[in-house]
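Here is the structure we will look at.
Number of protein chains: 2
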Amino acid sequence: MSALENVLNELKKISYLRGAEALLSWDQETYMPEGAGDARSNQIAHISTLLHNTLVGETMSKNLGELVDLGSGKIRDESLPAREQRRLKEIWRDYHHAAALPSEFVEEVSKHASRSQQLWVKARQANDFSMFQPSLEKTVEYKHREIEYLGKLDTPYDTLLDEFEPHMTSAKVTELFSEIRSRLVPLIQDITAVKDRVDNSILKKDYPIEQQWDFGMSMLKAMGFDMVYGRQDKSAHPFTTSTHPTDVRVTTRLMANDLKSALLSTLHEGGHGLYEQGLPGEEADNPFGEAISLGIHESQSRLWENLVGLSRPFWAFAYPKLQEYFPESLTNVPEDDFYKAMNKVEPSLIRVEADEATYNLHIMVRYEIEKLLINENYPVAKLPELWNDKMEEYLGIRPDKDANGVLQDVHWSFGAIGYFPTYTLGNLYSAMWFNQAQQEIRDLNGKMAQGDLLPLRDWLREKIHRHGRSKTADELVREITGEELSAKPFLDYLEKKYQGIYGL
Amino acid sequence: MSALENVLNELKKISYLRGAEALLSWDQETYMPEGAGDARSNQIAHISTLLHNTLVGETMSKNLGELVDLGSGKIRDESLPAREQRRLKEIWRDYHHAAALPSEFVEEVSKHASRSQQLWVKARQANDFSMFQPSLEKTVEYKHREIEYLGKLDTPYDTLLDEFEPHMTSAKVTELFSEIRSRLVPLIQDITAVKDRVDNSILKKDYPIEQQWDFGMSMLKAMGFDMVYGRQDKSAHPFTTSTHPTDVRVTTRLMANDLKSALLSTLHEGGHGLYEQGLPGEEADNPFGEAISLGIHESQSRLWENLVGLSRPFWAFAYPKLQEYFPESLTNVPEDDFYKAMNKVEPSLIRVEADEATYNLHIMVRYEIEKLLINENYPVAKLPELWNDKMEEYLGIRPDKDANGVLQDVHWSFGAIGYFPTYTLGNLYSAMWFNQAQQEIRDLNGKMAQGDLLPLRDWLREKIHRHGRSKTADELVREITGEELSAKPFLDYLEKKYQGIYGL
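Chains as they are written, first to last, in the working numbering: chain S, 85 to 588; chain A, 85 to 588.
Written as structure tokens, this is what we have:
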């Protein structure tokens, strides 16, 4: 076999192991008996070790090294077609990242992350940041070592950001947030001043979960999520996973007194799921078969959740159906009231419950804190106060306790620093895609109002999904929209929509 | 680390991989989207390869070789405690078996098995043995090569039998079947002569599957199957699997017009499941944490399915509950009529639908044919006729077509020759266990009639489950019953029970 064939063969093994790991994790959150947790951790840890060993093992190093300079990533044979050079570059990117971190370091960090996450659960329950503080301090130390191993980019924080959103810089993110802040903070203030104009109490009535499940499934199918190659189940926290593009699994969480939550989570995870199902099957075992970044992934979920799922055209189609599922609660509720209820904007303390407008201010709080932590050695002990100050500054409300403030998210506990910005990037991308789709799909709103969502899915598949990682996020944005990533389309969308709903 | 620690460490990896493989397979039969079959096959095949490579790899060979002569299995340090010597012997047994087969051979056979199974499905559908014949001939050839690699025991067939039922010989099995034949064939003939004395049409009424599921779950819990460490799901063919003793999964199949099938399959798989849950957790990653043999495993399922689930004491407790689940069909059916219906004996063509008495004659047919195939080079082409002749001789009925004859079972298609006898061995063991339990558990029948099944589960756990593979089947039989394995207890049980039911 040639060096390339050997490399691709190793990647196949990695792909199979990732599939197994994904199933073990999916099962842990869905059907695993509660007493099996320890055994499952051992199984997942061993598969992770095998994954790592295969990626940086002798076979891979030797053969990839014949094709690429392992230190710099320079392709040795410049006469290769551009696409093949790109593929090698992406393979090298993964290799280099894995090989840069010594395996003892990875193991140490992984054990710390596991302990830290358990501590975080207890600290949040006890509403006691001091229980978690030493552990988070240790995490920050580990992050600095990680940055040393991986190499510093523009700033130390950029190295972390780059892991979740390749090629994104904190300079760009800061610029985007500055635009967001300048337009979104006043918009939220204007809305808050007239907040009683929208009443969402109708969404908190009694909605039996069986019907919620059935309605959600019908929407998932309407989006074009293919049940031959996927499924939906229930879990404590909704998520999407894939063992292969032919096996994509989304989950949802149902609550009898909350119509909005499960419905939007189904559309959200369904958007992630469509991306996974749309990745090119013929590339399934190499980077070109993978998603570009967390931000691009999030753009797919947010597009379906918000730009579709909170739009008038969608509900023109879906609301009469929803009324059939819940005649007692909804028969006498006009569509317009329902639409407004779904779109109520209200500053709140908890990110995962936030509406589409205030959501990005929650992210901005976290982003600014992360940068201070990593680039400025801001003391961990002072995070609770910093958090509360920023919430007050941007959202006009101050957390009553740390459990509803700095302790609310799991991410930092397992070392995911640099992850949060991808949520907002997803929102920004999604608005750019949706604008473009409106221009390219004839009468998209009319089609949506008829329940014909497949043209949109197919457009996303054609423009985004089928390319996998063969393009960078930047390239994708330019090719699809002809422009650079900007917050303007998203902010325009929010202002226009909410000025209408709130009569501003 | 010492050589032993290294060996145990490799076994841990094997155990984790087996857990992953078990979950991938379980999911394939329960929740996997139908389009994911190819990807799943690749994932399972890769995990199997890793399993094999770990078991016979350099680390294992080197370290096990320091403790055991890899050729003969002789323990090097005879001063080791007997239990540790036994453990090493069992580890070597697995190692030796895996190392004896060249990996190219294993791969070739595995590919053949996969194609052969697909051919078998088509041949059975088409009722055309000639479609399957060449493939089965090839399987027999592979079996001969396998026997060469593994080493011939008393006869070539004994080598195959030993893989499924370690240390069992065909001489012993033949002796047992001769006893079974001499007493069971006449019993079946006597019953057939008065077959109208029992009517089981009541079991074929309308039994909604939701209630069947709920009743089955309540029985599974009554047996002491622990839902903290296990679960039940639905699949096309019922089975039991385990990713770890803390994660044991049984499945069942429900049919609305068949009350007996799902109920007995739940008790059957529940029996397998109790064995898996009762294996010693502290030995989970070495052979002492595994089941002894297929026959001993089957003794657990058959004990709960037949000796408990088809007994008067069990139904004294369970029937009033069953009536509550199905008042329309059962309110006016006396318990005695129901008990007899469940115990109707009738020669039939299909093994998996056979009652507990005729079942073993189905196995005898297969056992005799397998011995002829392997030891006497009996021509595969003549199997259909041989099958039909033996069915007529032992059961008094002749298959109308090969789909209901020689083509009915999947086993031979994937190379499982030597497996069938373990079903009957399971029945024989189960009767010996149950006799002994009746002597050792005070008023077992009275307890069962009260629904108190835990003393029986705990007795099985104490006597059988907790020992894992630290004893051989022979030792277990002698230690529990003070006797050698014999067909007498099972035949005594059948004669007494069915002479009563049929008034012979």
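By construction, the Cβ of each residue, glycine as well, lies at the ideal position given by its N, Cα and C atoms.
Check for me: the alpha helix (DSSP H) holding residue i runs from which residue to which?
i       : result
S554(S) : Segment: none, S554(S) is in no alpha helix (DSSP H) and carries neither H nor E.
G584(A) : 572 to 586
I458(A) : 443 to 459
E188(S) : 187 to 210
P468(S) : 467 to 479
I434(S) : Unbroken run through I434(S): none, as it is neither H nor E.
Y507(A) : 505 to 524
I376(A) : No alpha helix (DSSP H) contains I376(A), which DSSP labels as neither H nor E.
A183(A) : 166 to 184
F216(A) : 213 to 234
Would residue i and residue j qualify as a contact pair, given that the criterion is a beta-carbon distance under 8 Å?
i       : j       : result
D369(S) : S194(S) : no
D145(A) : L151(A) : Checking the sequence shown, residue 145(A) turns out to be Ser, not Asp. No. Outside cutoff.
V334(S) : P117(A) : no
V26(A)  : V464(A) : Missing from the structure shown is residue 26(A); chain A here goes from 85 to 588 and no further.
A440(S) : L394(S) : Checking the sequence, you will find Glu at residue 440(S) rather than Ala. Contact: yes.
F299(A) : L358(A) : no
I447(S) : F504(S) : yes
L244(A) : I458(A) : yes
M532(S) : F398(S) : yes
H196(A) : Y226(A) : yes
G314(A) : V332(A) : yes
L467(S) : L268(S) : no
Q169(A) : S497(A) : no
G141(A) : G373(A) : no
V91(A)  : I159(A) : no
N427(A) : N511(A) : no
L107(A) : L108(S) : yes
L491(A) : A207(A) : yes
K547(S) : I564(S) : yes
P431(A) : G480(A) : yes
H130(S) : K97(A)  : yes
A104(S) : A104(A) : yes
T138(A) : L172(A) : no
A182(S) : H136(S) : yes
Have a look at the options and flag the residue whose alpha-carbon is nearest the alpha-carbon of residue i.
i       : options                            : result
G502(S) : D242(S), P165(S), D161(S), K547(S) : D242(S)
F80(A)  : A346(A), V205(A), E452(A), L135(A) : Nothing about residue 80(A) can be reported from this structure: the residues present for chain A run from 85 to 588 only.
T324(S) : S86(S), I564(S), T114(S)           : T114(S)
E249(A) : R177(A), R435(A), I286(A)          : R177(A)
H381(A) : P371(A), S514(A), N427(A), E477(A) : S514(A)
K455(S) : A255(S), H549(S), A129(S), R267(S) : A255(S)
Y577(S) : A557(S), F518(S), H551(S)          : F518(S)
Q112(A) : S187(A), K318(A), L148(A), A521(A) : K318(A)
V282(S) : A166(S), T350(S), K424(S)          : K424(S)
R386(A) : L509(A), G235(A), G566(A)          : L509(A)
L271(A) : L540(A), V429(A), F401(A)          : V429(A)
G489(A) : V257(A), S109(A), K581(A), Q209(A) : Q209(A)
E602(A) : N461(A), H181(A), V278(A)          : The structure shown does not extend to residue 602(A), since chain A spans only 85 to 588, so no value can be given for it.
R550(S) : D473(S), E367(S), E259(S), A306(S) : E367(S)
V494(A) : A438(A), F216(A), T239(A)          : F216(A)
D238(A) : T253(A), R229(A), E230(A)          : T253(A)
E360(A) : R526(A), R541(A), S86(A), Y586(A)  : R541(A)
E476(A) : T442(A), G566(A), G157(A)          : T442(A)
R229(S) : L185(S), T143(S), D536(S)          : L185(S)
K485(S) : S302(S), A306(S), N211(S)          : N211(S)
Is residue i near the ligand HEM, with its Cβ less than 7 Å from a heavy atom?
i       : result
G530(A) : Absent from the structure shown: the ligand HEM. Ligands present: none.
I need the boundaries of the beta strand (DSSP E) containing residue i, first residue and last residue.
i       : result
Q316(A) : 314 to 318
D331(S) : 331 to 336
H328(S) : 324 to 328
Check the C-beta distance from residue i over to residue j and give it rounded, since I have them as a contact under 8 Å.
i       : j       : result
S219(A) : L203(A) : 5 Å
K288(S) : D342(S) : 7 Å
_With three or more C-beta pairs closer than 8 Å as the rule, is the stretch 119 to 130 of chain A touching the stretch 328 to 345 of chain S?_
Result yes; three or more Cβ-Cβ pairs closer than 8 Å.
**Report entry** Inter-stretch contact at 8 Å, needing at least 3 Cβ pairs: the stretch 334 to 353 of chain A / the stretch 288 to 295 of chain A
**Finding:** At 8 Å Cβ cutoff, the stretches touch.
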